[in-house]
Structures are given as C-alpha cells and as structure tokens.
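Here the sequence shown stands for residues 1 to 113, numbered as in UniProt numbering.
Glycine included, each C-beta is placed from N, C-alpha and C at the ideal position.
Below is one structure, written out as structure tokens, with a few remarks after it.
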Amino acid sequence: MGKVEGQGESWHGHVTALTVALEYIRQKLAKKLMTLLKDFSDQMDKAYFVDLFVRASTTPAIKMYEKLGYIIYRRVLRYYSGEEDGLALSRDVEKKSIIPYKGPITADELAYD
C-alpha cells in the first residue's frame, strides 16, 4: 500500500497503490487504510508529508482524499499509460512542504528522491 522514502526534508510517506474491490466500496476501508498510513508516517517515521497519485477521472477518490486533508499539488499530463492525466495529491499538516504548481507538468518532469 505505501512506504516512507526520501531524504532530509523530503522524507515522506507515499501511497503506492490503494484499490478496494467493488463489493467492499462504501465501507470506508480506503479511509481506514489511509489513516493508518498517515499515523504511521507521522508518528513512527516522522515524515514531513504524505503523497500519492490518482487518476484525474476518479472524482469519488479525489473527494475522499480532500476530506482527509490532501490537496491537489499538481496535474501530471498523461501519467497513466500515456493516456490519462494523474493528479499528485499531498498532505502536510504544517503546510511547510506543499507549494502547489500553477500549471501541469509531464511525467518526465517528475523528481523522485
């Protein structure tokens, strides 16, 4: 589901993948898993923020993440299989690590630690 990665002030939790089977949606399983990752990242690993990518078309997921305190950090053009845009979402309680980009970027412009 996730990991902690980066160095220094870019030490953060990252959601690698989160999928809930159709027969289990609307049971708040994704919210519970995200809360566990946030708590682990905040308390155990002292991460500065938590981030993830989500398909731009998954409005229910985006709304859930926003309710959990995530903001849309930037749009990544053709992130998913070169066809669908992705949204990079980040959650930083202290708002020190997040400065949203004003325009979209391409996957080639992503920087990873």
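Mapping DSSP to helix, strand and coil, what is leucine 33? As a first step, residue 33 must be located in the sequence shown, where it is residue number 33. The answer is helix: DSSP assigns leucine 33 an H, G or I state.
State whether the region 77 to 84 contacts the region 50 to 65, with contact taken as three or more CB pairs (one from each stretch) at a distance under 8 Å. Contact holds: three or more Cβ-Cβ distances are below 8 Å.
For glutamate 5, which three-state DSSP category applies? Looking up residue 5 in the sequence shown gives position 5. Glutamate 5: strand per DSSP, three-state reduction.
In whole angstroms, give me the CA-to-CA distance for proline 60 and glutamate 66. Residue 60 sits at position 60 when you count from the first residue of the sequence shown. Residue 66 sits at position 66 when you count from the first residue of the sequence shown. Cα to Cα, the separation comes out at about 10 Å.
Applying the 10 Å Cβ sphere with the 16-neighbour rule, what's the burial state of tyrosine 70? In the sequence shown, the residue the question calls residue 70 occupies position 70. Per the 10 Å Cβ criterion, buried.
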